[in-house]
Amino acid sequence: MIRERQAIKSSNTLSEWISTGLLALSHRMLFEPSTLALFGEVDPLSIQYDFDLFDSKIHYLTALLPLWVYSVFFRRVLQVRSRLNNSWLKKRHPLRESDFVRDRATFILDHPESFSDVQYGGNQTAMLWGSLRNSIPAVFWCLLYILRDAKAVESIRQEINQYLPAFSLDDDDDSAVVEQWTLDQLASCINLDSAVNETLRLIATPMVMRKCKEKTDLSLKDGRILHLEPNDAIALFPAVVHGDPDIFPNPDKFIFDRFVQKSADSVPSFLPFGN
């Protein structure tokens, strides 16, 4: 993200210190550098307004309402979606785009008989939205819970100072050697990792969708039996288990080191992303 920081600084978008809400801060921290890291040398600020409006109305677009409803009541969000999709057509392969985005875009562009410009733009917009829609709220909730717990703040600060090399985002010396944070170094920050997982346990609401393949009787804890037929749709809601006191004592309390002694992967009932 160092290169992205330099790009932001050179774009003259920085200003004096300002006060803002925690959610707005999370948005500011992620939107521009994350977009630059994924899509390369694009202009995130030129699409930020359209993205925010698109994000606030996307649940209507996925509701599959009659077309006339969209044309009458949601004309503005349709225009915003169109502008977002068209913005990707100006430069199909920006400099320094990530391998992931480049490979997806290349596949689509190499098959014009199967994908139109609208579909290419829609894919890029979907990638942008998917990369930010959950990440920004996740950062907000992590910061909120950690900052309200003085012990968590101190423990996490100590291990960050111990394991992650410090550098300044205000350093204009491009020749300065900045040691990259490695996965091993991040893995050493067990309190930080635990606090993030504990936040996800409290706020994540994944839903696991499955389809029954054969006739099955599912016995519930209260004695009821669900009779499932082939092709029946099944929705599992792990958040219910995340609040089970038999599995997670004091389930409504943020305990930042809950996952320190045992990793999140070793707890079968912990499914913040579904499975």
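When we follow the working numbering, the leftmost residue of the sequence shown carries the number 110, and every step to the right adds one.
The beta carbon of each residue, even a glycine, is placed where N, CA and C say it ideally should be.
Just so we're clear, the structure is a prediction, and the values are computed from it rather than from any experiment.
Taking the CA atoms as reference points, Leu170 sits about 9 Å from Phe163.
In the DSSP assignment, Ile265 falls within the unbroken alpha helix (DSSP H) covering 259 to 272. Close CB contacts of Leu187 within its chain, under the 7 Å cut and outside five residues either way in sequence, are with Tyr179 (chain order). Listed as beta-bridge partners of Met138 by DSSP are no residues whatsoever. Spanning the alpha carbons of Ser196 and Pro142 requires a straight line of approximately 18 Å. Around the beta carbon of Val151, 16 or more other beta carbons sit within 10 angstroms, so the residue counts as buried. Here Arg319 is bridged, per DSSP, to Ile343.
In the three-state reduction of the DSSP assignment, Asp331 falls in the coil class, being assigned neither a helical nor a strand state.
For Val350, the uninterrupted alpha helix (DSSP H) run begins and ends at 348 to 351, by DSSP. Below 8 Å, enough C-beta pairs join the segment 245 to 261 and the segment 126 to 135 to call them touching: three or more. By the criterion of at least three beta-carbon pairs nearer than 8 Å, the segment 288 to 305 is in contact with the segment 265 to 279.
For the 9 Å CB-CB criterion, Ile343 and Cys321 form a contact. By the Cβ test, the segment 298 to 311 is in contact with the segment 363 to 375, since at least three Cβ pairs between them sit closer than 8 Å. Excluding its 5 nearest sequence neighbours in each direction, Phe363 has C-beta neighbours in its own chain below 7 Å: Tyr254, Asp258, Glu307, Leu311, listed in chain order.
Boundaries of the alpha helix (DSSP H) harbouring Gly230: 226 to 241, taken from the DSSP string. For Met316 against Gly383, the beta-carbon gap comes to about 7 Å, under 8 Å, which counts as contact.
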